[in-house]
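Here the protein sequences line up with chains W and A, keeping their order. Residue numbering for the first sequence follows my numbering, starting at 1 and increasing by one per position. Residue numbering for the second sequence follows my numbering, starting at 1 and increasing by one per position. Each residue gets a CB set at the ideal place from its N, CA and C atoms; glycine is no exception.
Protein chains: 2
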Amino acid sequence: MTGKTIPDIIVSRLPLYLRSLQRMDEENRKVTSSQELGERLGISAAQIRKDLSQFGEFGKQGTGYNINFLIEQLCRILHVDQEWDVAVIGAGDIGNAVARYKGFKNRGFRVVMIFDDDPDKIGTQIGEFTVSDANDLTESIRNAQIQVAMIAVPGSNAQNVADRLVEGGIKAILNYAPINLNVPEDVNVQYIDPSIHLQRMTYYLE
Amino acid sequence: MTGKTIPDIIVSRLPLYLRSLQRMDEENRKVTSSQELGERLGISAAQIRKDLSQFGEFGKQGTGYNINFLIEQLCRILHVDQEWDVAVIGAGDIGNAVARYKGFKNRGFRVVMIFDDDPDKIGTQIGEFTVSDANDLTESIRNAQIQVAMIAVPGSNAQNVADRLVEGGIKAILNYAPINLNVPEDVNVQYIDPSIHLQRMTYYLE
DNA sequence: TAGATTGTTAATCGATTAACAATC
DNA sequence: TAGATTGTTAATCGATTAACAATC
Chain W
1 MTGKTIPDII VSRLPLYLRS LQRMDEENRK VTSSQELGER LGISAAQIRK DLSQFGEFGK
61 QGTGYNINFL IEQLCRILHV DQEWDVAVIG AGDIGNAVAR YKGFKNRGFR VVMIFDDDPD
121 KIGTQIGEFT VSDANDLTES IRNAQIQVAM IAVPGSNAQN VADRLVEGGI KAILNYAPIN
181 LNVPEDVNVQ YIDPSIHLQR MTYYLE
Chain A
1 MTGKTIPDII VSRLPLYLRS LQRMDEENRK VTSSQELGER LGISAAQIRK DLSQFGEFGK
61 QGTGYNINFL IEQLCRILHV DQEWDVAVIG AGDIGNAVAR YKGFKNRGFR VVMIFDDDPD
121 KIGTQIGEFT VSDANDLTES IRNAQIQVAM IAVPGSNAQN VADRLVEGGI KAILNYAPIN
181 LNVPEDVNVQ YIDPSIHLQR MTYYLE
């Protein structure tokens with residue numbers, strides 16, 4: 001039996017809840033309330049309770065939510081109670097930063113491969129990784145059964161890379177290239193483009 | 001007189017329209033339609049027409065939208081018919097990548113300063129910039145009248161950096177640190193956290 | 001002209017909020 | 001117990017879509 005479908009707008013808030021809770025945990029906090037969480041995130045308490053109630057009853061009337069317990073539940077819901085192997089494609093400045101990024105620790109992800117098509121880069125060391133030949137991309141990720149990838153190549157190559165990732169079995173792509181990717185329906189894409197974020201803010205400036 | 005307030009959800013789509021149109025322009029396309037734009041972006045044609053109609057009548061019945069003209073209009077609306085000077089705080093891997101990023105070209109932004117508090121980094125060269133002492137942060141951005149900044153420091157320092165940016169007059173912050181920032185109401189913040197994007201996708205994976 | 005596509009209205013759909021009984 | 005906070009319902013609010021007259 002399949003449970004009811006949760007709206008993506010709710011799913012998109014769960015990682016934010018999780019991140020705040022993990023921060024509270026680092027501060028050695030034990031319990032919190034929908035109100036406190038809402039204040040930290042700029043989200044209404046009612047919405048947080050409603051969102052969480054889609055997945056179960058995680059709180060206690062009168063006292064609120066046990067932080068550790070709620071972290072566990074959210075990790076389970078978001079499938080980050082495991083570590084996902086991630087392939088990085090592109091060993092330029094962005095690929096470099098992403099491959100060496102410490103921020104995936106305890107968040108459910110681990111970079112395991114980095115690819116580039118530049119012969120001068122192939123075989124060189126980036127952090128703990130040796131840059132692989134992008135020609136082997138499809139085969140390598142298929143063999144390693146990797147489902148998550150990050151694209152950090154120029155826009156002109158991004159669609160081609162995406163096609164090969166999909167061929168290799170990738171199901172989730174985080175794309176740093178400033179273009180929209182065409183992928184099959186069962187492949188998820190998220191975009192990071194700093195210019196897009198900045199333009200959304202300059203609208204409000206003079 | 002102040003025009004009616006446009007919902008932020010509409011504002012958030014305008015940069016996506018602009019990016020697609022600029023790509024069409026690079027392909028030497030001259031006109032497009034709400035339908036074509038919608039297909040490229042995965043957004044309904046009706047919504048695109050509705051969004052644009054908040055700001056004026058930019059199309060022609062029967063023929064669609066002149067790409068160059070619509071680009072001009074969107075640049076004006078988003079206030080990127082000018083180039084905004086941007087300060088980068090943090091000269092680690094991410095600050096490095098952002099400072100050297102070529103993708104701000106023609107998008108309305110130009111990095112002009114980069115700061116760090118590490119004595120070993122201060123004075124060194126990153127691309128065309130010399131790393132400045134983060135102690136001078138507030139004064140430097142105030143003197144240069146910079147309104148836009150990107151935070152690329154560890155989470156533990158991000159709130160402190162944000163406070164000093166606000167003190168210096170910053171009105172828009174793009175935050176790469178994985179924490180929520182508290183800032184005054186008139187300061188806009190956007191967040192980039194790859195783990196958040198990835199977790200939103202792993203929800204849908206097995 | 002005929003065909004195409006806009007801008008806009010009204011209808012639909014979905015998300016958020018307010019309120020409160022339940023209960024820790 | 002009294003106070004606090006949940007989970008949930010119903011009401012409100014806002015966003016999206018369908019449809020079409022206008023017109024290029």
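Own chain, CB closer than 7 Å to N96/A, minus 5 neighbours either side, in chain order: Non-local C-beta neighbours of N96/A in its own chain, meaning closer than 7 Å and more than five positions away in sequence, comprise I126, ordered along the chain.
Element boundaries [beta strand (DSSP E), containing A177/A]: Here A177/A belongs to no beta strand (DSSP E), and DSSP marks it neither H nor E.
Start and end residues, beta strand (DSSP E) containing I151/A: V148 to I151
Contact between the stretch 54 to 70 of chain W and the stretch 197 to 205 of chain A (3+ Cβ pairs under 8 Å): no
Cβ pair L78/W, L18/W closer than 8 Å: For the pair L78/W and L18/W, the CB atoms are nearer than the 8 Å cut-off.
Burial state of A162/W (16 or more Cβ within 10 Å): buried
Helix, strand or coil at Q199/A [DSSP, three-state]: helix
Minimum Cβ-Cβ distance from V166/A to chain W less than 8 Å: It does not: the Cβ of V166/A has no partner Cβ on chain W nearer than 8 Å.
Distance between G155/W and R110/A (C-alpha atoms, nearest Å): 19 Å
Rounded C-alpha distance that separates N188/A from R142/W: Whole-angstrom Cα-Cα distance: 42 Å.
C-alpha gap between L70/W and N106/A, whole angstroms: 44 Å
Proximity test, Cβ basis, 8 Å: S53/A and chain W: no
Residue nearest to I170/A in terms of C-alpha spacing, selected from W84/A, D117/A and Y204/A: W84/A
Short CB-CB distance (under 8 Å) between L70/W and chain A: Using a CB distance cut-off of 8 Å, L70/W does not count as an interface residue toward chain A.
Buried/exposed call for G168/A, threshold 16 Cβ in 10 Å: With 16 or more other Cβ atoms inside 10 Å of its own Cβ, G168/A counts as buried.
Neighbourhood of D133/A by C-beta, 6 Å cutoff - its chain only, sequence neighbours within 5 removed: I122
Any chain W beta carbon closer than 8 Å to K50/A: no
Straight-line gap, L37/W to D116/A (C-alpha atoms, nearest Å): 31 Å
Residues sharing a beta bridge with I114/W, DSSP: V88/W
Chain W contact for Y65/A (CB, 8 Å cutoff): no
Beta-carbon spacing of F129/W, I114/W below 8 Å: yes
DSSP state of Y101/W mapped onto helix, strand, coil: Here Y101/W carries a coil assignment [DSSP, helix/strand/coil].
Selected residue, minimal CA-CA separation from L21/W, among Y65/W, Q82/W, L205/W and A177/W: Y65/W
Positions along the stretch 192 to 203 of chain W whose CB lies within less than 7 Å of some CB in chain A: I192, P194, S195, I196, H197, L198, Q199, R200, M201, T202 and Y203
Distance CB(W90/A)-CB(A152/A) smaller than 8 Å: Checking the sequence, you will find Gly at residue 90/A rather than Trp. Going by C-beta atoms, G90/A is nearer than 8 Å to A152/A.
Any C-beta of chain W under 8 Å from that of P178/A: Yes, its Cβ sits closer than 8 Å to a Cβ of chain W.
Proximal residues to C75/A (C-beta, below 6 Å), its chain only, five neighbours per side dropped: The beta carbon of C75/A sits closer than 6 Å to those of D81, all from its chain and outside the five residues before and after it, given in chain order.
Chain-ordered neighbours of L205/A on chain W, where CB pairs are closer than 9 Å: H79, W84, Q147, V148, K171, A172 and N188
V187/A beta carbon near the ligand MN (any heavy atom closer than 7 Å): In terms of ligand content, the structure shown is empty, and the ligand MN therefore cannot be addressed.
Cβ neighbour criterion (16 or more within 10 Å) applied to Q73/A: The residue in question, Q73/A, is buried, as its Cβ has 16 or more Cβ neighbours within 10 Å.
Beta-carbon neighbours of L41/A, restricted to chain W and to distances below 7 Å: The contacting residues are N180.
Partner residues on chain W for H12/A, Cβ-Cβ distance less than 8 Å: For clarity, residue 12/A is Ser in the given sequence; the question names His instead. Here the neighbours are R200.
Terminal residues of the beta strand (DSSP E) in which Y17/W lies: Not the beta strand (DSSP E): Y17/W falls in the alpha helix (DSSP H), residues L14 to E26.
Interface flag, N160/A vs chain W, CB-CB below 8 Å: no
C-beta neighbour in chain A for V183/W, strict 8 Å: no
Cβ of D118/W within 8 Å of any chain A Cβ: no
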